[in-house]
Ligand code: RIB
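Residue numbers (the working numbering): 3 to 311.
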């Protein structure tokens, strides 16, 4: 039986220009096509977990504007429970300006708007609601005090909390030690451990450093170099799936949403990572954040079989 997944995080509208190259500082380039997509790390992760068959409640704040209304409609269309989404009257919905080059690499700048107004009161209902089979997934695109509160209540209630520390904000060891699973990419790993990731050995050192703080599972996502993971009982490197990248935006988010779905089905760590890796690889073959996330039936049969719900 699938358990509940609560995703707490940001909701953005992504304004994307896809062109051959990304301009240098002070340079103007004539780009290619312009697109508007649903985005935001929290929302992308909620949509990924839902598209892959998870039972998802998304907690965020949107502005009282057309972008926010549109986002709510999209989340409902994905079957996400939106009853705890707040509308902030005096702020705009989060917006991300994104440039994507011909290799699929991007540059992103976010104007947080309503995301920056998230408060502990928005998530305090979880204190009564969470049961210890539930999964909580959060990131750092919202105020850090909300994340610290979530970590505290999840640890008190023995609920698995996945922290995707993106974009990086400093978070004290007092909180990190209570995290069940952390999923930094290479640059976030460097901020967290001061270790530069350029080999399996350096990933191992960094993962051990995070494990020593008390975190139960460390999963370092390394893009086309795959994933390195470590827990008390096991560690390993899982290669990236071989795909042609069109747009890497939200690949990490797809990985995290898929991981939450896999954990909600009580899948073991290695299968959970392989499933998430496959979902993330699928997402880079398409343009856009939420638009690029696969549904369960779009994944290869071998990965679908991991998490039939
Ligand atoms: O991780 C990708 C996301 O980062 C984009 O959708 C953008 O909104 C920013 O939050």
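Here a beta-carbon is modelled for each residue, glycine too, at the ideal position from N, C-alpha and C.
Closest by C-alpha distance to residue 73, when choosing among 42, 58, 57: 42
Is residue 78 near the ligand RIB, in the sense that its beta carbon is under 7 Å from a heavy atom of that ligand? no
Assign residue 22 to one of two classes, buried (16 or more other C-beta atoms within 10 Å of its C-beta) or exposed (fewer than that). exposed
Measure from the alpha carbon of residue 261 to the alpha carbon of each residue in 29, 49, 33, then state which is nearest. Comparing Cα positions, the closest option is 49.
If you count every other CB in all the chains shown that lies within 10 Å of the CB of residue 109, and 16 or more means buried, which is it? exposed
Rounded to the nearest angstrom, how far is the Cβ of residue 11 from that of residue 141, given a contact under 8 Å? 5 Å
Closer than 7 Å: residue 43 CB and nearest the ligand RIB heavy atom: yes
Of the residues 169, 215, 192, 16, which one's Cα is nearest the Cα of residue 177? When C-alpha distances from residue 177 are compared across 169, 215, 192, 16, the shortest belongs to 215.
For residue 49, which of helix, strand or coil comes out of DSSP? Looking at residue 49 - three-state DSSP - the assignment turns out to be helix.
What is the DSSP secondary structure of residue 161, counted as helix, strand or coil? coil
For residue 169, which residues of its own chain have a beta-carbon under 7 Å away from its beta-carbon, when the five flanking residues on both sides are left out? 142, 143
Does the beta-carbon of residue 296 have 16 or more other beta-carbons within 10 angstroms, so that it is buried, or is it exposed? buried
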